[in-house]
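Please read the structure below before turning to the comments.
In our numbering, the protein residues as written are 19 to 469.
Below is the structure:
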């Protein structure tokens with residue numbers, strides 16, 4: 019019996035073991051089949067059919083066919099590439115891919131800048147980056163960009179085209195015609211400066227001739243006019259030229275001393291040639307006239323006079339008023355020049371003859387109780403005494419503290435102003451109410467009688 023039970027147990031064990039083995043083998047087979055399918059799929063050869071069914075007539079794999087490559091003629095390919103490059107170059111703007119507002123940024127102006135603003139910016143930058151001052155290649159390139167921006171933005175048609183399209187058609191040819199060589203530009207700037215200097219000198223001389231015998235203005239503050247002071251003034255006047263003695267203006271109009279200029283051979287212009295360009299400029303020897311007058315006077319410019327100036331110390335007497343005239347003598351020419359005094363108004367003082375008036379603000383308690391206060395004086399701080407019960411607009415006269423001059427000495431009159439506050443704290447309001455309750459009723463009856 020025992021043997022049968024052991025045999026039965028062993029048989030059941032073998033049966034279960036066989037079932038488990040078959041199940042594990044089937045799982046292993048399925049896993050191997052899935053792995054094979056995944057590998058075939060990754061290789062791109064799986065067709066969706068099971069590889070094990072290939073023997074039944076199904077296609078198991080699909081192989082890629084090799085592609086055929088066409089090798090064109092090298093000459094034709096080179097021509098095609100050159101044509102594409104030419105077309106791309108034509109489509110691109112001539113500015114080499116610069117931003118649309120590049121020229122505005124170069125000059126440092128906005129898109130809606132006026133012609134005057136563009137011109138001022140150009141002159142300032144042209145002086146700064148001129149090749150004579152900065153000889154580096156980078157500064158020369160920047161100077162060229164500044165010049166290009168100026169010529170394009172000052173031309174109305176080119177500026178409109180640049181704003182709309184971001185570039186200018188035939189920009190290179192346009193700039194070659196418009197751009198001025200830096201050396202020539204520098205010469206023109208120098209000539210303009212000389213012409214401006216001569217114009218300013220002529221204007222100054224004409225103004226001095228017109229102002230001869232007229233009075234000038236001398237500004238003073240209230241304290242300077244009241245106390246007197248010393249001021250330095252620069253007297254402008256005309257003096258004779260030391261070289262020609264004032265005769266060149268008459269002698270240059272004669273034909274006696276004229277002869278052709280040897281530097282320009284009477285042409286008035288000098289040609290300057292270099293390796294890169296040829297330029298013409300005005301002859302500096304004859305200043306473009308073509309001839310030289312031996313009687314020309316360079317210091318005075320054939321005017322006979324030279325504008326000059328001398329500094330003189332002016333003494334303003336104490337007590338001077340607005341409109342007074344002070345006569346000053348020129349130490350070089352012994353001529354007398356009149357200066358009319360213009361006295362500024364003071365925010366603190368008021369003048370009445372030799373007396374000086376000012377205001378002093380006090381509080382209600384100070385007006386009731388009185389006290390001593392310091393006020394600003396004309397010469398020095400002054401202490402005043404306020405009596406108890408002082409009313410508003412009361413005047414305190416300080417003797418001999420006004421204007422001191424040859425005609426006498428004035429007084430300083432201080433007007434007291436009682437300040438009435440518009441906003442009170444609770445404590446101040448209670449104190450005022452208690453003061454109102456303690457007031458004498460006689461004051462109230464007196465007001466009724468006045469009515």
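Ideal Cβ positions, reconstructed from N, Cα and C, are used throughout, including at glycine.
Beta-carbon within less than 6 Å of residue i's beta-carbon, same chain only, minus the 5 sequence neighbours each way: which residues are those?
{"i": "residue 246", "result": "334, 335, 336"}
{"i": "residue 378", "result": "393, 432, 434"}
{"i": "residue 241", "result": "none"}
{"i": "residue 236", "result": "357, 359"}
{"i": "residue 375", "result": "368, 431"}
{"i": "residue 303", "result": "279, 281"}
{"i": "residue 74", "result": "Because residue 74 sits at a pLDDT of 45, beneath the cut-off of 50, its placement in the model cannot be relied upon, and the point is left open."}
{"i": "residue 290", "result": "297"}
Where do the N-terminal and C-terminal ends of the alpha helix (DSSP H) with residue i fall, by residue?
{"i": "residue 186", "result": "Premise fails: residue 186 is in no alpha helix (DSSP H) and is neither H nor E."}
{"i": "residue 141", "result": "133-146"}
{"i": "residue 240", "result": "240-245"}
{"i": "residue 421", "result": "First-last for residue 421: undefined, no H or E at that position."}
{"i": "residue 409", "result": "Residue 409 -> no alpha helix (DSSP H), and no H or E assigned at all."}
{"i": "residue 352", "result": "That residue, residue 352, is in no alpha helix (DSSP H); it is neither H nor E in DSSP."}
Since residue i is in the beta strand (DSSP E), which residue starts that stretch and which ends it?
{"i": "residue 124", "result": "No beta strand (DSSP E) contains residue 124, which is instead part of the alpha helix (DSSP H) from 120-125."}
{"i": "residue 394", "result": "Counting along the chain, residue 394 falls outside any beta strand (DSSP E), and DSSP gives it neither H nor E."}
{"i": "residue 307", "result": "Unbroken run through residue 307: none, as it is neither H nor E."}
{"i": "residue 447", "result": "No beta strand (DSSP E) contains residue 447, which is instead part of the alpha helix (DSSP H) from 444-455."}
{"i": "residue 346", "result": "343-347"}
{"i": "residue 372", "result": "That residue, residue 372, is in no beta strand (DSSP E); it is neither H nor E in DSSP."}
{"i": "residue 415", "result": "413-416"}
{"i": "residue 402", "result": "400-404"}
{"i": "residue 433", "result": "430-436"}
Mind reading off the beta-carbon distance from residue i to residue j? Whole number of angstroms is fine, and I expect it under 8 Å.
{"i": "residue 343", "j": "residue 363", "result": "Not a contact, Cβ separation roughly 20 Å."}
{"i": "residue 402", "j": "residue 414", "result": "5 Å"}
{"i": "residue 318", "j": "residue 324", "result": "5 Å"}
{"i": "residue 400", "j": "residue 419", "result": "6 Å"}
{"i": "residue 252", "j": "residue 185", "result": "No, residue 252 and residue 185 are not in contact; Cβ-Cβ is about 56 Å, not under 8 Å."}
{"i": "residue 284", "j": "residue 308", "result": "4 Å"}
Can you list, in chain order, the residues of its chain whose CB lies under 8 Å from that of residue i, leaving out five sequence neighbours each side?
{"i": "residue 250", "result": "329, 330, 331, 332"}
{"i": "residue 287", "result": "298, 299, 300, 301, 306"}
{"i": "residue 417", "result": "429"}
{"i": "residue 451", "result": "none"}
{"i": "residue 473", "result": "Since the displayed the chain opens at 19 and closes at 469, residue 473 lies outside it and no answer follows."}
{"i": "residue 366", "result": "376, 394"}
{"i": "residue 164", "result": "124, 125, 140, 143, 144, 147"}
{"i": "residue 21", "result": "Because residue 21 carries a pLDDT of 44, less than 50, the predicted location of this residue cannot be relied on, and the following value inherits that uncertainty. Closer than 8 Å at Cβ, skipping near neighbours: no residue."}
{"i": "residue 396", "result": "241, 244, 245, 367, 374, 419, 420, 421, 430"}
{"i": "residue 238", "result": "247, 249, 334, 338, 359, 360, 361, 362"}
{"i": "residue 340", "result": "243, 359, 360, 361"}
Only counting the same chain, and skipping five residues up and downstream in sequence, which positions put a Cβ closer than 7 Å to that of residue i?
{"i": "residue 436", "result": "380, 382, 385, 410"}
{"i": "residue 127", "result": "135, 136, 139"}
{"i": "residue 160", "result": "147"}
{"i": "residue 316", "result": "none"}
{"i": "residue 68", "result": "Low confidence applies here, because residue 68 scores a pLDDT of 48, under 50, leaving its location unreliable; read the following figure in that light. There are no such residues."}
{"i": "residue 387", "result": "406"}
{"i": "residue 47", "result": "Low confidence applies here, because residue 47 scores a pLDDT of 49, under 50, leaving its location unreliable and the question unanswered by this model."}
{"i": "residue 412", "result": "434"}
{"i": "residue 262", "result": "315, 318, 322"}
Could you pull the DSSP bridge partners for residue i from this structure?
{"i": "residue 235", "result": "358"}
{"i": "residue 323", "result": "258"}
{"i": "residue 285", "result": "Residue 285 pairs with nothing; no bridge assigned."}
{"i": "residue 278", "result": "309"}
{"i": "residue 249", "result": "332"}
{"i": "residue 386", "result": "DSSP output for residue 386 lists no bridge partner at all."}
{"i": "residue 381", "result": "For residue 381, which the question treats as bridged, DSSP gives no partner whatsoever."}
{"i": "residue 297", "result": "290"}
Does the Cβ of residue i lie closer than 6 Å to at least one heavy atom of the ligand GDP?
{"i": "residue 394", "result": "Absent from the structure shown: the ligand GDP. Ligands present: none."}
#### Entry: Inter-stretch contact (C-beta, 8 Å, three-pair minimum) for the segment 249-263 and the segment 344-352
yes
### Query
Can at least three beta-carbon pairs, one atom from the segment 163-182 and one from the segment 135-144, be found at a separation below 8 Å?
As far as the Cβ criterion goes, the segment 163-182 touches the segment 135-144, which means the pair count is three or higher.
### Query
Is there contact here, the segment 422-430 with the segment 445-457, by at least three beta-carbon pairs under 8 Å?
no
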